[in-house]
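Participant:
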Amino acid sequence: MLEVDEKRKHFASLPAEELKRALKDLPIPAVLGRDGIHFATDHHHLARALFDAQINYAYVEVMADLSKLKGDAFWLEMANRRWVHPYDEHGILHGVAAIPSNVSGLIDDPYRSLAAFVRNAGGYIKTPEPFAEFQWADFFRTRIRLWSTSFQFSAAVQQGVHLARSPDALVLPGFYKSQAASRANPGP
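Just so you know, UniProt numbering puts 171 at position 171 of the sequence shown, and the rest follows in order with no gaps.
1) Determine the contact status of L93 and Q135, defining contact as a CB-CB distance below 7 Å.
2) With a threshold of 8 Å, are at least 3 pairs of Cβ atoms found where one atom belongs to the region 127-144 and the other to the region 64-80?
3) If you run the structure through DSSP and keep just helix, strand and coil, what is P110?
4) Candidates A97, R141, D88, G105: which alpha carbon is nearest Y111's?
5) Looking at C-beta atoms only, is the number of pairs between the region 101-121 and the region 70-83 that lie closer than 8 Å three or more?
6) Would you report the Cα separation of A22 and S13, rounded to the nearest angstrom?
7) Look up Y87 in the DSSP assignment and give the residues it is bridged to.
8) Could you check the C-alpha separation between G122 and V161 for me, to the nearest Å?
9) For the candidate residues T41, S150, S148, I144, whose alpha-carbon lies nearest to that of A164?
10) In angstroms with no decimal places, state the Cα-to-Cα distance between S166 and G36.
11) If you draw a straight line from the alpha carbon of G33 to that of Q158, how long is it in whole angstroms?
12) Using the Cα positions of G105 and A79, report the straight-line distance between them to the nearest angstrom.
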């Protein structure tokens, strides 16, 4: 969980007041579900980083109150609004029963971390589209060999930036469209 570890180090290093301000600026979007349980719909890496850093609070922005929906109706509404992504670290779809009950149960998808590092390196633009990073992760999963050293990871990030700017990535959320236009019309 490379991205989680980077976030954990960052937030653990902040003085208390600065941490509070930073977390207020990054509320975790959530849906209110049955029994008053909050279901995070985004910022799972932030939540896991805070958990790993033993920071026992966060700010939440409630996107919707679905507490009256039970069982399948709740999960169907979550799926219809694209607020749930029950895929594993290999990009394979599972039933909602496989979703961990808290962030400590999140499984590492190394390609999801790669997608974040590629975005931070300027490969693509951050977008509000739900689970966009997982679309990029799936794109990289089929094109970049899994790394085992930090040197290989750095090379994977560079390869990812190159791939993210290629025509193959045109349909992905956050693709730099101006790059595609300049490649299509290279000029005199």
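Glycine included, C-beta positions come from ideal geometry on N, C-alpha and C.
Facilitator: The relevant details are as follows:
1) Not closer than 7 Å, so no.
2) Cβ pair count under 8 Å is below three, so no.
3) It is helical.
4) Closest by alpha carbon: R141.
5) Pairwise C-beta distances place the region 101-121 out of contact with the region 70-83, as fewer than three of them are shorter than 8 Å.
6) Their backbone Cα atoms lie some 12 Å apart in a straight line.
7) DSSP lists L93 as partners of Y87.
8) Cα-Cα distance, rounded: 7 Å.
9) Put simply, of T41, S150, S148, I144 the residue whose alpha carbon is nearest the alpha carbon of A164 is I144.
10) When rounded, the distance between both Cα atoms is 45 Å.
11) The alpha-carbon atoms of G33 and Q158 are separated by roughly 41 Å.
12) Those two C-alpha atoms are separated by around 20 Å.
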